[in-house]
Structures are given as structure tokens and as C-alpha cells.
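**Q**
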Amino acid sequence: MPDIEIVEKIEETIKVFIPKMYKVILHNDETTTFEFVIQVLIRVFHRTDSDAIDLARMIHLNGKGIAGAPYTHEIAQEKTLETIAFSRANGYPLTATIEEV
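Residue numbering for the sequence shown follows the working numbering, starting at 10 and increasing by one per position.
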């Protein structure tokens with residue numbers, strides 16, 4: 010009697026949830042110093058010194074700029090709150106918001 014091999018074919022669909030991503034925007038104001046914005050970019054968003062200077066200049070000239078992206082909503086919200094808390098603790102009104110990428 011010949012050997013009989015039984016093969017079972019299983020098809021499976023795996024759904025992967027890809028979360029929406031967000032960017033954190035810093036908004037220029039007339040009170041927050043250029044040096045403090047650089048400090049925020051380095052401390053909160055882990056930018057290099059030269060990148061932070063260039064980005065702070067762009068925020069100053071354009072009125073706002075992307076401090077960091079892409080982040081999940083939770084991380085973007087955390088960085089926004091950290092930026093605002095650090096700014097208020099140092100007497101600055103620097104505003105940060107989040108937008109979907």
C-alpha cells in the first residue's frame with residue numbers, strides 16, 4: 010500500500026493596526042527667547058545644537074515649526090505637555106500643539 014500524505018492548507022489573515030502619527034508644533038511668541046526655544050528643542054525633542062538653532066530660527070521667521078515627528082498620539086501629547094510645563098516653570102508662554110501627520 011502506498012504512503013499517503015495528507016496536507017492541510019490553512020489560510021490566515023492577520024490584521025495589523027498602524028496607529029495614526031502626529032507631529033508637535035512650536036508656535037512663536039513675542040516673549041519666549043530664542044535661546045529658550047533652542048533649550049526646549051534640545052531637552053524635550055533631543056535635537057542637536059545646530060539643528061535646534063536652525064529650527065528655532067525657522068519658527069521665529071515662519072511663526073511656527075515642527076519640533077518633532079512622527080509620534081504616536083500619546084508620545085506627541087506627552088512632549089506637548091512637557092514643553093508647556095517646562096516653559097511655564099521658566100516664565101515663558103511658549104505654546105506647543107499636535108497635528109496629525
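Just so it is clear, CB atoms sit at the ideal spot from N, CA and C, and this is done for glycine as well.
So, under 8 Å CB-CB, Ala85 and Leu35 are touching, yes? Tell me the CB distance rounded to an integer number of Å.
**A** As a working mapping, residue 85 is identified with position 76 in the sequence shown. As a working mapping, residue 35 is identified with position 26 in the sequence shown. Their Cβ separation, rounded to whole angstroms, is 12 Å, which puts Ala85 and Leu35 out of contact at 8 Å.
**Q** What first and last residue would you give for the alpha helix (DSSP H) that runs through Thr92?
**A** Position 83 of the sequence shown, counted from the start, is the residue given in the question as residue 92. From DSSP, the alpha helix (DSSP H) with Thr92 extends over 82-98.
**Q** Classify Arg97 as buried or exposed, calling it buried when 16 or more other Cβ atoms lie within 10 Å of its own Cβ.
**A** Walking along the sequence shown from the start, residue 97 turns up at place 88. Under this definition Arg97 is an exposed residue.
**Q** How many Å lie between His69 and Phe26 at the Cα?
**A** To locate residue 69, count along the sequence shown from 1; it is residue 60. To locate residue 26, count along the sequence shown from 1; it is residue 17. Distance from the CA atom of His69 to the CA atom of Phe26, rounded to whole angstroms, is 37 Å.
**Q** In whole angstroms, what is the alpha-carbon distance linking Tyr101 and Asp60?
**A** For the purposes of this step, residue 101 is taken as residue 92 along the sequence shown, with counting starting at 1. For the purposes of this step, residue 60 is taken as residue 51 along the sequence shown, with counting starting at 1. The straight-line gap from Cα to Cα measures roughly 22 Å.
**Q** Out of curiosity, what's the CA-to-CA distance linking Ala94 and Ile19?
**A** The sequence position of residue 94 within the sequence shown is 85, counting from 1. The sequence position of residue 19 within the sequence shown is 10, counting from 1. Between Ala94 and Ile19, the C-alpha separation is close to 53 Å.
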